[in-house]
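Below you'll find the structure, written out as structure tokens, and then a few comments.
In my numbering, the protein residues as written are 57 to 379.
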């Protein structure tokens, strides 16, 4: 396994090097837009900026609770503070396609006895739960924007297929067997995927599924509500349902684009939807810049801080296992 061959110091160095290089590249890439960021923040003032950040913190808190529930359901009883630290540290790797970098949380969990299979199952379950919540928020738009019906219908069909594959084992098992033979996967690799599917399915019992979906809905609603308040502050009172649906659709667009953190896809969809509904260009850009600054970039910032300041705790399990 990855951990067994690495000392605490080596693991810490590898993680920090990767994150700092990634952060440096992203900061450099965004530096050309610094004037947009500064002017956008000045538009709403520090008080409103802090309010938006608080709502983002609420989003993270609810997702941490969901994450902890998943871990406990799979038998991993980590202290809440340690679990929260690992979860927030994962935000440092959010800027990867499909947020797959957050799988690195499994490396830290492994040092505390949580298998990679379980941590990956939790990651998959989180993505499905997020998808369900975002879809529910998107559906709010159908109450006042009927021309979005076809787009939403396609998304719902895709979600139903995804949920079917994750909640039922017979079809994935048959598919996995056929795929293994087709691409000549080893039986060991096939068994690993099978185990992962089974563990992910355990996370979708009715009780945990309802709880996770509820927490996800509250979590993403907090950021969508922040978007509504931002539009209001910028003088564009289009209504709560409109703000929720635009935020949800833009988030989906970013996820579907499979770009790191949804960069480009989310911003284009959000600004485009605002412009299509009559918001002036300057305000639409300001709204897009500010909400991304207080959600995506705030999460990455907290992740890097958690990773740097909490590195000794995050990898201390390695040292304990070696003693």
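From the three backbone atoms N, C-alpha and C, an ideal C-beta is built for every residue, glycine too. In this text, all values refer to a predicted model and were calculated from it rather than measured experimentally.
Go through its chain and collect everything with a Cβ distance to residue 327's Cβ below 7 Å, but skip five positions before and after it. Within the chain shown, residue 327 is the residue found at index 271, counting from 1. 340, 341 and 344.
How long is the line joining the alpha carbons of residue 191 and residue 304, rounded to whole angstroms? As a working note, residue 191 is residue 135 in the chain shown. As a working note, residue 304 is residue 248 in the chain shown. Their Cα atoms are separated by approximately 7 Å.
If you check the beta carbons only, do residue 261 and residue 189 fall under 8 Å apart? Translated into positions along the chain shown, residue 261 becomes position 205. Translated into positions along the chain shown, residue 189 becomes position 133. The answer is no: Cβ separation not under 8 Å.
Comparing alpha-carbon positions, which option in 193, 284 and 269 lies nearest residue 299? If you number the chain shown from 1, residue 299 lands on position 243. When only C-alpha atoms are compared, the closest one is 284.
Between which residues of its own chain and residue 115 is the CB-CB distance below 8 Å, once the five residues before and five after are set aside? The count along the chain shown starts at 1 and reaches residue 115 at position 59. Cβ within range, chain order: 275, 276, 278, 279 and 351.
Measure the C-alpha to C-alpha separation of residue 281 and residue 367 and round it to an integer number of angstroms. As a position in the chain shown, residue 281 is number 225, starting the count at 1. As a position in the chain shown, residue 367 is number 311, starting the count at 1. Approximately 33 Å between the Cα atoms of the pair.
Same chain only: Cβ atoms within 7 Å of residue 124, ignoring 5 sequence neighbours per side: Sequence index remark: in the chain shown, residue 124 carries index 68 (1-based). For residue 124, same chain residues with a beta-carbon under 7 Å away, outside a window of 5 residues either side, are 136 and 139 in chain order.
What residues in its chain sit with their C-beta under 6 Å from that of residue 196, if we drop five residues either side in the sequence? By 1-based counting over the chain shown, the position of residue 196 is 140. Excluding residues up to 5 positions away in sequence, 297, 300 and 301 lie with their Cβ nearer than 6 Å to the Cβ of residue 196 in the same chain.
Would residue 362 pass as a contact of residue 144 if the rule is Cβ separation under 8 Å? Here residue 362 refers to the residue found at position 306 when the chain shown is read from its first residue. Here residue 144 refers to the residue found at position 88 when the chain shown is read from its first residue. Residue 144 sits close to residue 362, with the two beta carbons spaced by under 8 Å.
Cβ-based neighbour list, residue 329, same chain, cut-off 8 Å, excluding 5 preceding and 5 following: The residue you call residue 329 lines up with position 273 of the chain shown. These residues qualify, in order along the chain: 302, 305 and 306.
Measuring alpha carbon to alpha carbon, tell me which of 117, 112 and 102 ends up nearest residue 353. Residue 353 sits at position 297 when you count from the first residue of the chain shown. It is 112 whose Cα lies nearest to the Cα of residue 353.
Would residue 174 and residue 118 be called neighbours here (beta carbons separated by less than 8 Å)? Here residue 174 refers to the residue found at position 118 of the chain shown. Here residue 118 refers to the residue found at position 62 of the chain shown. Not a contact, by the Cβ cut-off of 8 Å.
Within a Cβ cutoff of 8 Å, which residues of the same chain sit near residue 193, ignoring the five residues on either side of it in sequence? Counted from its first residue, the chain shown places residue 193 at position 137. These residues qualify, in order along the chain: 273, 276, 277, 280, 300, 301, 303 and 304.
Let's see if you can read the secondary structure: which residues bound the alpha helix (DSSP H) around residue 145? Locating residue 145 in the chain shown gives position 89, where the first residue counts as 1. Here the alpha helix (DSSP H) through residue 145 covers 136 to 145.
With a threshold of 7 Å on Cβ separation, who are the neighbours of residue 267 within its own chain once the five nearest residues in sequence on each side are excluded? By one-based count along the chain shown, residue 267 stands at place 211. If the five residues before and after residue 267 are omitted, its C-beta is found closer than 7 Å to the C-beta atoms of 125, all from its own chain and listed in chain order.
Can you tell me which of 264, 166 and 324 puts its alpha carbon nearest to the alpha carbon of residue 185? Indexing the chain shown from 1 puts residue 185 at position 129. Closest option to residue 185, judged by alpha-carbon separation, among 264, 166 and 324: 264.
Assuming residue 289 and residue 100 are in contact, meaning their beta carbons sit under 8 Å apart, how far apart are those beta carbons, in whole angstroms? On the chain shown, residue 289 is found 233 positions in, with the first residue counted as 1. On the chain shown, residue 100 is found 44 positions in, with the first residue counted as 1. With a Cβ gap of about 5 Å, residue 289 and residue 100 count as contacting.
Could you spell out the range, first to last residue, of the alpha helix (DSSP H) harbouring residue 176? Position 120 of the chain shown, counting from 1, holds the residue named residue 176. Segment 172 to 195, the alpha helix (DSSP H) holding residue 176.
Residue 151 and residue 356 look like a contact to me (Cβ under 8 Å); what is the Cβ gap, rounded to whole Å? Indexing the chain shown from 1 puts residue 151 at position 95. Indexing the chain shown from 1 puts residue 356 at position 300. Taking a contact as a CB-CB distance under 8 Å, the pair residue 151 and residue 356 counts as one, their CB atoms being some 6 Å apart.
From what residue to what residue does the alpha helix (DSSP H) around residue 321 run? Sequence index remark: in the chain shown, residue 321 carries index 265 (1-based). Note, residue 321: alpha helix (DSSP H), 321 to 332.
Indicate the three-state DSSP secondary structure (helix, strand or coil) for residue 307 in the structure shown. For the purposes of this step, residue 307 is taken as residue 251 along the chain shown, with counting starting at 1. Residue 307 falls in the helix class under three-state DSSP.
Would you give the residue range spanned by the alpha helix (DSSP H) that residue 262 belongs to? Here residue 262 refers to the residue found at position 206 when the chain shown is read from its first residue. Taken as a continuous stretch (DSSP letters only), the alpha helix (DSSP H) holding residue 262 covers 262 to 289.
Classify residue 292 as helix, strand or coil using the three-state DSSP reduction. Residue 292 sits at position 236 when you count from the first residue of the chain shown. Coil.
Under 8 Å, do residue 286 and residue 294 count as touching if we go by C-beta distance? Counting from one through the chain shown, the residue named residue 286 turns up at place 230. Counting from one through the chain shown, the residue named residue 294 turns up at place 238. Taking a C-beta distance under 8 Å as the contact criterion, residue 286 and residue 294 do not qualify as a contact pair.
Taking just the CA atoms, how far does residue 181 sit from residue 103? The count along the chain shown starts at 1 and reaches residue 103 at position 47. The count along the chain shown starts at 1 and reaches residue 181 at position 125. Taking C-alpha positions only, residue 103 is separated from residue 181 by approximately 36 Å.
In the DSSP assignment, the alpha helix (DSSP H) including residue 342 goes from what residue to what residue? Along the chain shown, read from residue 1 onward, the residue named residue 342 stands at position 286. Residues 337 to 348.
Collapsed DSSP secondary structure at residue 354 in the structure displayed: Here the question's residue 354 lines up with position 298 in the chain shown. DSSP places residue 354 in the helix class (H, G or I) of the three-state scheme.
Helix, strand or coil: which one does DSSP assign to residue 363? In the chain shown, residue 363 corresponds to position 307, counting from 1. It is helical.
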